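*Asks:*
In UniProt numbering, the protein residues as written are 1 to 322.
1. In the DSSP assignment, find the unbroken alpha helix (DSSP H) run with residue 241 in it and report its ends.
2. Take the Cβ of residue 312 as the centre, count every other Cβ of all protein chains shown within 10 Å, and call the residue buried at 16 or more, exposed below.
3. At 3 residues or longer, what runs of the beta strand (DSSP E) sit wholly inside the region 63-98?
4. Among 255, 258, 80 and 211, whose alpha-carbon lies nearest the alpha-carbon of residue 237?
5. Threshold first: 4 residues or longer. Then list the alpha helix (DSSP H) segments lying entirely within the region 160-226, N to C.
6. Could you tell me how far apart the beta carbons of residue 64 and residue 121 are, in whole angstroms, since I believe they sit closer than 8 angstroms?
7. Indicate whether at least one CB of chain D lies closer than 8 angstroms to the CB of residue 262.
8. Cα separation between residue 318 and residue 152?
9. Enumerate in chain order the residues of its own chain whose CB-to-CB distance from residue 263 is below 7 angstroms, with the five nearest sequence positions on each side excluded.
10. Does DSSP classify residue 133 as helix, strand or coil?
11. Take the Cβ of residue 136 as the centre, count every other Cβ of all protein chains shown within 10 Å, and call the residue buried at 16 or more, exposed below.
12. Taking 8 angstroms as the cut-off, does the region 99-109 touch the region 25-42 (at least 3 CB pairs, one atom from each stretch)?
13. Can you give the Cα-Cα distance for residue 252 and residue 169, rounded to whole angstroms?
14. Any idea what DSSP makes of residue 150, helix, strand or coil?
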C-alpha cells in the first residue's frame, strides 16, 4: 500500500510517499480501504518533529479517515467486509489502508458522502469529549471557541448552537467572522483589533472556553471566564509555558483543564466514539451540523495540503483523498 510518512522533521516537502506492506487485522481490529483522510494541525506538528505518535501507533500520518472494511479480525462483531465507516485514529490515515481498533470505527451519518465523512471523526470526538463530556456545556451558557473558522471551530460553533448555547468565537478576517456568524455564532470577534476578554466579559463571561492556543491565551482566557467557568486547553499553538494567576482563578471558582485525545487508551476512545454516534450524528443527519470542507487533495498532493494548513488561511477542513 502507499502511505505518507515524515522520515525527518521539516516542511511540507519533507513528506514522503512510501510503499508499505498490506495490513492484517489482529483480534479486535479492522482494516479499512481508505477513501479519504483529513489534514489536522497535529499532523503538521508531527511532520516537524514536535508531536510523535503514541507508543505502538503507526508512523504514517493521519488521525481520521473514511473508507470500506477490507478485513475483520477475531472477536470483532457488528462489522463486515464492504461496510462503509469512518474512524478515529492514533495514526495511519494518510494511506491506502489503515488498521483500526474496532471500537474506534463509526458508521457514516446518513446523507454524508463517504469521502466527506473523513472530515468528521477527529473534530466530532474532540468537540464532544471536551466541550460536553468534560466541560459539561449547558443550554443557555456562553461558550467561547478560539479559531472559529478552523476545523474544530466550525464544528464546535454548530454543535454548541444546535444544543442551545450562546456562542462567541474569535476569527482573523471579516470573511472568517461572517462564516462563524453564518454557522450560528452570536458574536465573532476579530482578535487582530478587538479585545476578546472585554467583549466576552461584557456579555457576562464565558462558562466554557475551548482553547487551542495554550500559553499565549492562558491569562486572557482566565480573565474571560464567568463565575465557575471552565477553560479547556486542547492545543499549544501559542506556546507551552505561561504564568497562571491563581488568585484570579480562585476568585471565579474556575477550572483549567488540559486534555488530549490521541494518546487516550483505546477503551476511552471507543466510549467517545459511541457518544458521538449517539449524540452528534443525529444533529449531522438533521442538517444542524454540516461538515465544512474547503479543499481536497490527492495523496500525491499531500505537500500542497500541508502548505495550505501551514498558511492558516483556510476555513473548515482539508481532505486528502486516496
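Glycine included, each C-beta is placed from N, C-alpha and C at the ideal position.
None of these values were measured; they are calculated from a predicted model.
*Replies:* Let me spell this out:
1. Run containing residue 241: none; DSSP gives neither H nor E here.
2. exposed
3. For the region 63-98, whole beta strand (DSSP E) runs of length 3 or above, ordered along the chain, are 64-72 and 84-88.
4. Per the Cα distances, 211.
5. 174-183, 196-202 and 215-224
6. 4 angstroms
7. The structure shown contains no chain D, having only a single protein chain.
8. 12 angstroms
9. 54
10. helix
11. With fewer than 16 other Cβ atoms within 10 Å, it is exposed.
12. Put simply, the region 25-42 touches the region 99-109. At least three CB pairs are less than 8 angstroms apart.
13. Residue 252 and residue 169: Cα-Cα distance of roughly 21 angstroms.
14. strand
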